[in-house]
Structure formats: structure tokens, C-alpha cells
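Chains A and B, in that order, are what the protein sequence lines are.
Position one of the first sequence corresponds to residue 1 (the working numbering), numbered consecutively onward.
Position one of the second sequence corresponds to residue 360 (the working numbering), numbered consecutively onward.
Everything on this sheet refers to the single structure shown next.
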Amino acid sequence: MSSHSQISPIAASQNRSFPFSAIVGQDEMKTALMVAAIDPTIGGVLIFGDRGTGKSTAVRALASLLPLMTVVAGCRFNCDPATRTSGCALCQNTGQGERSREALARTAFVPVPVVDLPLGATEDRVVGALDLERALTRGDKAFEPGLLARANRGFLYIDEVNLLEDHLVDLLLDVAGSGENVVEREGLSIRHPARFVLVGSGNPEEGELRPQLLDRFGLSVEVTTPQDVKTRVEVVRRRDAFEREPEAFIARWQPEDARASASIAAARERIRGVEVSDAALERAAELCIAIGTDGLRGELTLIRAARAVAALDGTHAVSDDHIRRVAPSALRHRLRRDPLDEAGSGARVARVIEGIFGA
Amino acid sequence: MTRAGGATSADAGQPADNQADAKHADVARAAWRQAVLAAELFAIDPARLGGIVVTALAGPVRDRWLDIARGLLPSNAPVRKVPLNVTDERLLGGLDLAATLATGRAMAETGLLAEVDGGVVIVPMAERMTGGLAARVTAALDQGRVAIERDGLGLSFPSRFGVIALDERMSDDEATPASLRDRLAIHCDLRALSMRDAAGGTDEDQGRSRDVITARARLASIVVSDDVIEALVGAAAVLGIASLRAPMLAVAAARASAALAGRPVVTQDDLARAVGLVLAPRATRLPPINEQNDEQPDDRTENPENRSEPDVAGQEQQNGQDQRQLDDMLIEAVRAALPAALLAQLQCQGTSRAKGNAAGKSGVERKVLNRGRPIGVSRRAPRGGARLDLVATLRAAAPWQQVRRNARAAAASGSGVPTGSQRVEVRSEDFRTKRFRQRTESTTIFAVDASGSTALDRLAEAKGAVELLLADCYVRRDQVALIAFRGKVAELLLPPSRSLVRAKRCLASLPGGGGTPLASGIDAARALAEAVARKGQTPVIVLLTDGRANVGRTAKGGRPAAEADAKDAARALGLTGTRTLVIDTSPRSEPFARTLADAMRARYIALPFASSHTLSEAVRSEIQDER
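In C-alpha cells:
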């Protein structure tokens with residue numbers, strides 16, 4: 001980061017974001033986000049739905065639930081000291097400007113980054129570019145990491161993802177696929193790890209998502225406005241309370257949020273021990289075949305998500321119930337799209353699930 | 360606070376020589392007071408209310424209203440206009456090129472949204488706003504700050520502001536983007552008002568601004584009880600409003616109203632105002648209490664106070680279920696607050712919502728090198744006709760100047776060649792070229808003959824053909840629109856939309872039977888095609904008919920006249936040069952549809968011989984010819 005004083009947008013909004021636990025209902029969305037926090041390899045979460053359903057609120061609120069992570073102190077790419085070999089050039093001790101052994105041993109606990117990719121962002125800020133300040137004042141050719149570097153090992157959030165410009169989508173597709181960001185420009189030759197959970201939200205009425213981008217998301221959630229008057233009253237009441245006295249409201253929900261945060265941390269510990277029985281694998285396969293998803297990614301995501309939910313529940317084996325709970329999010333965007341199916345893919349998945357698991 | 364309160368109290372003593380006129384004037388004056396009240400509430404709490412959508416053509420009434428609204432804002436509040444063609448640099452901010460080159464340090468330029476923190480943004484011609492621009496504004500509205508990741512700068516500025524969106528729509532197929540409308544509390548319509556209705560002196564204006572200032576100070580202490588929230592959420596439900604932002608904004612409006620009236624708590628009057636200004640304009644259905652009155656909307660609107668008690672009792676029985684959830688206070692509030700011509704508004708609302716769903720403008724923007732509307736900058740050399748964007752190129756080169764000078768100096772000191780000292784060094788990789796939006800986004804307009812002569816089974820086949828084509832449109836990411844003509848008139852069932860599901864739904868529910876107003880159908884298709892073309896998109900018309908007109912433009916029967924009209928309409932369409940495809944739905948091959956197609960210079964396909972493949976091929980080739 002360059003030397004002039006910069007307020008990172010996400011850090012600024014973190015202090016005052018609406019508490020995650022105070023979001024009324026929307027369980028599928030909340031579960032999907034927690035699953036992605038427990039197992040980042042799930043491949044991202046897409047949240048599509050009505051206006052005013054708290055899509056971006058939920059994502060921004062997630063930031064405060066995430067447990068701290070360990071990084072090599074001072075590494076601008078958030079490299080993990082434990083798996084340094086897959087880290088940036090400096091941490092790998094290869095290439096220019098090696099880091100000393102002592103420097104590598106120093107670690108720090110930092111919040112998991114949740115980085116906003118705002119509309120109107122230019123390519124150089126996303127991939128990283130010349131450090132402006134140093135280039136202008138000293139004529140140094142130094143690399144300033146972009147949003148992709150900042151999001152490494154964390155979350156990259158794109159609100160109104162369907163309005164994202166095409167050239168940025170191309171770029172994201174490439175990086176999200178390879179887990180690595182490569183910058184080649186006039187003597188700057190940088191590659192660094194960029195593994196992040198891509199979270200996108202949007203309103204389908206604003207436009208469709210490109211199929212390739214859709215495919216990158218592990219989970220896809222549909223949010224709708226709650227219809228029940230009581231729930232709606234509760235939403236409005238909490239929102240109003242938050243807007244009038246944000247600090248007090250956040251303090252009131254702090255214990256709940258702390259509990260949610262602890263259960264994410266516990267689930268992360270537990271997930272390696274969660275067993276996936278052959279029966280569960282068969283179930284997942286059966287489901288994917290019945291729905292007709294393309295390829296194996298659906299099955300893989302389904303199993304991973306079910307395992308994360310099992311870990312969140314505190315159990316040690318994936319059950320039918322776990323699969324059932326995550327199946328709609330894991331599979332609905334993988335159906336061969338029938339643009340004229342009125343029921344929507346969610347309903348089609350639900351029908352198949354009922355057929356297999358019984359009503 | 361008496362002035363703003365009484366939408367019905369003042370102007371009671373009109374001379375009754377021309378009752379209808381007087382009543383109209385009353386209604387208009389009440390609407391004006393409502394609009395002024397809207398300006399007052401907005402001025403009290405601009406950021407929390409989000410803003411106002413003012414539907415009106417440019418003119419003295421709107422100017423007067425804008426003057427009032429501006430006058431009520433704090434004197435130091437920044438007010439900025441956002442032109443529709445505003446660039447990201449100007450809107451969001453970025454690198455200040457001149458300052459950066461001059462000082463040799465990275466200098467940021469604040470954008471419009473950051474400058475307007477604590478003030479108001481005015482969007483003229485909001486109905487022409489693109490989805491992208493709306494999304495940038497709403498992102499700042501939602502977060503109260505604007506985040507910039509541009510030109511090597513990552514910055515975030517506070518940006519709390521309210522929006523006044525001036526919606527100048529002429530027809531209901533344009534409207535302010537739904538995403539923006541959803542976030543602006545108050546929607547008001549000045550279209551029916553004349554300058555006479557908007558009278559009022561400067562004394563009044565001064566009184567108003569004093570009231571607003573006191574109210575602003577009082578705002579924080581206003582108590583909103585849970586009852587109020589329940590009532591407003593209930594009212595939103597009764598009016599069929601899906602978005603939860605509506606009741607939230609209504610709560611804010613009620614709070615501002617209480618502050619304006621000098622009340623410590625939100626009362627029923629405030630509720631009524633919030634419902635009238637925030638909820639009623641968003642209504643998608645009439646509240647149950649009005650169901651019995653649907654037949655005589657005029658009565659209802661003209662005598663809002665005179666609704667009789669027994670009436671109410673009957674309605675309560677009828678709608679027991681809905682109403683049990685709502686307490687009496689709410690029923691009172693909704694009833695009192697329903698604005699004059701709600702039914703008429705609902706009709707507008709219906710189509711404008713449909714437009715919102717379409718939001719097609721925001722979709723794919725195809726890039727071309729050198730024509731169309733500029734939409735941004737891309738990184739490529741200015742070759743093959745691409746136009747260089749000089750400023751963007753300099754912007755890209757700016758950071759490198761020192762580096763390059765150093766490099767050159769180093770090279771020069773070796774070779775002894777003198778260096779050109781202070782000139783700006785631009786290299787090929789700095790080149791930025793302008794991107795333009797191409798006119799290849801196409802809208803396929805289906806005009807379907809649903810008359811009796813297209814016998815029912817043929818209609819089913821026609822529907823089937825349209826469905827096939829719809830699936831094709833999906834692949835091409837076209838927009839689709841649906842016009843049906845039967846009986847006496849042609850009707851736009853679906854304005855241009857990307858939602859194929861909605862197109863299919865409209866199609867499925869399309870009934871058949873009645874006369875064939877072919878001329879009206881063709882005229883409607885042509886009008887829509889012209890509107891589409893004006894938006895810079897390419898229209899393609901697919902007309903499904905047997906060509907047997909029997910209802911003319913004047914909605915009168917009579918085959919010869921009707922056929923002559925149809926031929927006229929066809930020729931007029933042909934003259935516009937719009938790509939057209941006629942699909943003949945008559946069971947046997949007859950000459951009617953073909954003559955029509957010839958008059959339109961359209962391509963002709965007879966449905967009996969049309970397989971799905973030939974159909975989609977035909978449409979595709981029409982579109983590709985255009986490109």
C-alpha cells in the first residue's frame with residue numbers, strides 16, 4: 001500500500017456493519033456464507049434475489065464473524081506461514097529480495113480480509129500495478145498489490161456482479177480458476193497467489209450472469225422477500241434500531257455474533273474429522289444424476305458443503321439431512337438452463353430432492 | 360404545523376358555479392401541497408429518506424417545486440447535478456492528471472459523489488439512466504461512502520446524500536431504474552399540475568424553511584413505537600409492496616413528519632402522510648377496503664372524506680382475513696392517505712414496473728471501435744480504427760514519468776546522447792482507446808394475431824413458434840417484447856424485457872377470439888420498433904398473422920376498409936426499414952399474408968412449413984443482416 005493515508009473501504013464499513021446474527025431469516029444465504037467461511041475451497045457464493053433483502057448486508061456482516069488468520073508478518077499477500085511454498089515470491093525465498101529467515105518466522109494474526117470490488121474499478125487496481133507514489137516521487141519501479149492480493153485467503157465481494165464490466169469478469173475468471181495473479185508490464189513481472197472466496201450478489205432483473213462466471217460459484221442462493229408480516233415487522237424494527245443507535249445495537253447482538261463466530265472456528269477445526277460414508281456419496285451422485293448436472297463439480301461441491309454443514313452442526317458424519325440442506329444451493333445453478341421453465345431451477349431441484357429423500 | 364398537514368382542510372370555500380372544475384382544482388392543489396410536504400420531509404432528513412422521484416416534464420411547475428426543495432436544504436449543503444453521460448472519473452473520482460503531472464505526486468481528484476456528501480444529488484432525465492450509473496449511485500447510498508479503486512488509487516470517501524430524480528417520462532415504457540426508485544422514499548407526480556395550482560408567495564417559503572430547520576433539530580428525539588412499524592409494514596403488505604425498503608423508508612418519513620409537526624412521538628397523522636407519500640405510489644394492488652369501490656373510482660377520488668360508515672363495515676367483513684392482521688389505526692391511515700387517482704396511478708405503476716424488470720439498457724454492452732455511444736476506455740493500441748483517448752493515455756503514462764526519465768538518463772550517460780528532459784514520455788503500452796457501445800443489442804418484437812380468424816389451434820401453433828424463437832433469443836441475449844392484437848385494438852403485453860419467463864407467461868395467458876385489427880397491430884409494432892431504435896438498439900419484428908384483417912384503424916369492422924388500412928400500415932412499416940419477418944399462420948397457403956409481407960418488405964414464412972429450425976434460422980439471418 002502506498003504511503004498516502006488511505007481509508008480502506010472495508011475496514012471503514014466493518015466497524016459499523018449490521019450484525020450477522022441480527023439478520024432475520026434468510027437461512028439459506030446465511031448457511032451458504034458460513035459454509036464458505038468454513039471451507040473456502042467450496043468456490044464462492046452467489047446471492048441472487050429481490051431488492052432490499054439484505055444481500056450485501058449479510059456479506060459485509062460476515063467479515064466480523066471470521067476468525068483471525070495467521071500470516072507472515074508484513075507480507076502484502078497474506079501468505080500463510082504454514083504453507084509458505086505456495087506463497088508469494090518473497091515468502092518462498094525465491095527470486096528477488098528474499099526474506100530473511102527471521103522475517104519469515106515472524107507471524108501476525110489479522111482479520112480475514114473481505115475486500116469490496118466496487119463498480120467502476122479499473123483493471124490496474126484489481127490486479128495491482130505500479131506503486132504510484134514511489135514511481136512519481138522517487139522514480140522507483142515498485143509493484144503495488146491490487147485487490148486480488150488483498151483478498152488472498154479471504155473474500156472478494158462484488159455487489160451487482162451482473163453489472164461488472166466484461167474485461168474485469170475475464171480477469172476474475174482467469175484468476176479464480178488458477179488461484180494465481182500474474183502481472184506483466186514494462187519490467188514489472190509479478191506473480192502471486194490469489195486464492196479467495198468469490199462472493200457475488202445481484203438482482204436478476206438487472207441482467208443475467210455470464211455462464212462461465214456462474215459456473216465459478218460453488219454455491220448459489222436465491223433470496224426472496226419474506227412474505228410473513230411478523231417477519232417483515234421484525235426486519236424493519238431491527239433495521240430502524242440499528243440506524244438510530246448503531247453502536248448500542250451492535251453491542252446488543254455481540255454475544256450472538258460471538259457465538260456464531262466461535263461455531264465457525266470450531267467447525268473449521270472439526271471438518272477434517274467429518275466422515276463421508278459411501279452411502280452419502282451415493283446419495284449425492286444419485287441426486288446429481290437425477291437433476292442432470294453437467295460434470296462432477298456439482299457432486300464435489302455438494303459433498304464439501306454437506307461436510308461443512310455437518311461440522312457446523314458438531315457431528316462427525318455427513319447425513320442425508322446435511323446433503324438435503326445444502327443441495328439447493330450447490331446444484332440450482334448447475335442445471336442445464338431451460339430459460340422457459342417458469343418454476344425456476346430452485347423448484348426443480350426441490351422436486352428432485354423430494355423424489356429421492358421422500359417428502 | 361398546520362399548513363403542510365391539511366391536504367383536505369384548506370380551500371373549502373370554492374364558489375360552486377362550476378363544480379367539476381372546482382373539484383379538479385382542489386385535487387390539484389392537494390397534490391401540490393403533497394409535493395411541497397414531500398420537499399419538506401426530504402429536506403429534514405435527506406440521507407435517511409434516500410430521496411424523491413419527481414415525475415414531471417421540465418416546466419414552470421417543476422422549476423417552482425425544485426426551487427422550493429432547494430430552498431429548504433441547509434444553506435451549506437452541496438447540490439450537484441449528475442448528467443447522464445457522467446464518466447467514472449467525474450462521478451467516483453480518480454487520479455487528477457493535471458495535478459499529478461504538475462506536482463509529480465499522486466493527486467486524487469474527488470468525484471461528484473464524494474463532493475456531495477451531506478447534500479443532494481439531482482439526476483435530470485432519470486428515466487434514461489443506465490443500470491450501471493444507477494448501481495454506482497445506489498452503492499454509495501447504501502454504504503454512505505464511495506469506494507474508489509481506480510488509476511492506482513484505492514480510496515474511500517464519506518458520501519451521505521439524498522437524490523432528487525427528475526423523471527421526465529413521456530410514456531410508461533420508460534422509468535427511473537427500479538433499483539434507484541426502490542431506495543428513494545418519496546415518489547410524486549406533478550404531471551397533472553399547472554402553474555395555477557402551484558401558487559404561493561415567498562413569505563410562505565420562508566416560513567417553511569424555518570419549520571424545516573426546527574424539525575431537523577428535533578428529529579433525533581422522535582419516538583417511533585412498535586405499533587407504528589407494525590402499521591407501516593402491514594400497510595405495505597396490504598398494498599402489495601414486496602420490497603422491505605418501502606416500510607423502512609416509510610418509518611423514516613413518518614419520523615420526519617412528526618418532527619415537522621413538532622410532535623414528540625409519531626402519530627396517526629404522520630402515518631397517514633408516510634403512507635401517502637411513500638407507500639401509496641408503490642402500491643401494486645388496491646387495499647381491500649376499496650374493492651367494492653373499484654367500479655366507481657371517480658366517486659372515491661372526489662369524495663375521499665365522504666365514504667360512509669356502512670360501506671366500511673361491509674368491507675371489513677369481506678376482507679376479514681387481511682384486516683384482522685391490521686389494527687384500526689392502520690386502516691384509518693391507509694384510508695386517509697390514499698391519493699386521489701390511485702387507480703390511474705396503479706395502471707402507470709404496472710407498466711413502469713414492467714419496464715423496471717426489463718432494465719435491458721444495463722445488459723451486455725458490445726464493444727466496437729469507432730462508433731456509437733462512448734462507454735469507457737480500454738487498453739489497446741489505437742489500431743484498426745480504434746480512437747485514442749488522449750486523457751486516459753496520459754493518465755496511464757503519468758506514473759511512469761520519473762521511472763522512464765531515470766532509465767533514459769542512465770542510458771544516455773552511457774552513450775553520451777543528450778536526453779530530451781521534461782517532455783512527457785508516452786509508450787505504446789500506455790495507449791488507451793475509447794470504447795463505444797454498438798447498436799447490435801437487438802430487441803425482437805413479437806406481434807401476435809390472436810383473433811378469431813386465427814383459429815384457436817392455429818394460435819396454439821403460433822404460440823409454439825414464438826416459444827421456439829424465445830429460446831433462441833435467450834441464446835442471443837436479445838430482449839423480447841410482445842404485442843397481441845385481437846378484438847378492436849392492439850395491446851403491448853410485454854415491453855422490451857430480457858425476462859423470457861415473463862414473455863412466456865404473457866404468451867400463455869393470451870386468449871384468442873374476436874376481430875383482427877391488423878392495422879393497429881402493425882402500427883403498434885412499428886411504434887415500438889421506433890422507440891427501440893431510438894434507444895440505440897436494433898429492432899426486429901416478427902409478425903404472426905394470417906393476414907385477414909377485418910377491423911380497421913378506427914376500430915370499425917368491415918373487411919375492405921380494414922384490409923386497406925392494414926396495407927397502409929404495412930407500407931409505413933416497410934418505409935422505416937425495420938427488419939421484419941412475417942409468419943403466416945393460415946392453415947392453407949393463401950396470398951394475404953404474403954402480400955402483406957411484400958408491402959412491408961418483410962421476409963415471409965408459412966407456418967405449416969416452418970420447422971423450429973427454419974424459424975430460428977430465419978430470425979437469426981434477419982438479425983445478422985442488420986449487423
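Think of the CB as a built atom: it goes at the ideal place given N, C-alpha and C, for glycine as much as any other residue.
- DSSP, read as helix, strand or coil, puts ASP924(B) in helix.
- Taking each of VAL169(A), ILE289(A) and GLY202(A) in turn and checking the Cα distance to GLY52(A), the smallest one comes out for GLY202(A).
- In the three-state DSSP reduction, MET69(A) falls in the strand class (E or B).
- Linking LEU335(A) to THR626(B) through their CA atoms gives a straight-line distance of about 52 Å.
- Under the DSSP assignment, PHE155(A) falls in the beta strand (DSSP E) whose first and last residues are 155 to 159.
- In terms of Cβ geometry, SER879(B) and VAL910(B) form a close pair [threshold 9 Å].
- The CB of ASN765(B) comes closer than 8 Å to the CB of GLY139 in chain A, given here in chain order.
- The Cβ atoms of PRO405(B) and ALA436(B) sit closer than 9 Å to each other.
- When rounded, the separation of the alpha-carbon atoms in GLU354(A) and SER319(A) is 16 Å.
- Secondary structure of SER879(B) (DSSP, three-state): helix.
- Pairing ALA551(B) with LEU331(A), the inter-Cα distance amounts to about 51 Å.
- Fully contained in the stretch 376 to 464 of chain B are the following beta strand (DSSP E) runs of length 3 or more, in chain order: 410 to 414, 438 to 440 and 452 to 454.
- At least one beta carbon of chain A lies nearer than 9 Å to the beta carbon of SER858(B).
- Interface residue (Cβ-Cβ distance to chain A less than 9 Å): THR792(B) is not classified as such.
- Close to chain A, meaning a Cβ-Cβ distance shorter than 7 Å, are the following residues of the stretch 597 to 629 of chain B: ALA601, SER602, LEU603, ARG604, PRO606, MET607 and VAL610.
- Within a 10 Å sphere around the beta-carbon of SER189(A) sit fewer than 16 other beta-carbons, which makes this residue exposed.
- In the displayed model, CYS88(A) falls within coil according to three-state DSSP, outside both helix and strand.
- Chain B has no Cβ within less than 9 Å of the Cβ of VAL35(A).
- GLY490(B) belongs to the set of residues whose beta carbon lies under 9 Å from a beta carbon in chain A.
- By the criterion of a C-beta distance shorter than 6 Å, ALA617(B) is surrounded in its chain by ILE581, VAL625 and ASP629, once the five residues flanking it on both sides are discounted.
- The alpha carbon of VAL891(B) has as its nearest neighbour, out of ARG938(B), VAL482(B) and ARG763(B), the alpha carbon of ARG938(B).
- Residues of the stretch 186 to 207 of chain A with a C-beta atom less than 7 Å from some C-beta of chain B are GLU186, ASN203, GLU205, GLU206 and GLY207, listed in chain order.
- Exclusion of the five residues before and after ARG307(A) leaves ASP39, ILE271, VAL274, VAL276, VAL318 and HIS322 as the residues of its chain whose Cβ lies within less than 8 Å of its Cβ.
- Interface with chain B (9 Å Cβ-Cβ cutoff): ASP170(A) is excluded.
- Between ASP541(B) and chain A, the shortest Cβ-Cβ separation is below 9 Å.
- Taking C-alpha positions only, GLU533(B) is separated from GLY452(B) by approximately 29 Å.
- Cβ-Cβ distances below 7 Å link ALA458(B) to MET466 in the same chain, with the five nearest sequence neighbours on each side left out; the list follows chain order.
- Between the stretch 490 to 508 of chain B and the stretch 420 to 439 of chain B, the count of C-beta pairs closer than 8 Å stays below three; the two stretches do not touch.
- For chain A, the residues of the stretch 817 to 838 of chain B that bring a beta carbon within less than 8 Å of one of its beta carbons are GLU826, LEU829, ALA830, TYR833 and ARG836, in chain order.
- Unbroken beta strand (DSSP E) stretches of 3 residues or longer found wholly inside the stretch 267 to 292 of chain A: none.
- Closest in C-alpha terms to GLY314(A), from the list ARG304(A), ILE291(A), GLU269(A) and LEU300(A), comes GLU269(A).
- Using a CB distance cut-off of 9 Å, PRO758(B) counts as an interface residue toward chain A.
- Put simply, the stretch 236 to 251 of chain A touches the stretch 595 to 612 of chain B. At least three CB pairs are less than 8 Å apart.
- ASP585(B) has a beta carbon lying within less than 9 Å of a beta carbon in chain A.
- Out of GLY128(A), ILE356(A) and ALA121(A), the CA that lies nearest to the CA of ARG495(B) is found in ALA121(A).
- Inclusion of ILE964(B) and LEU932(B) in the CB contact set at 9 Å is not warranted, their separation being larger than that value.
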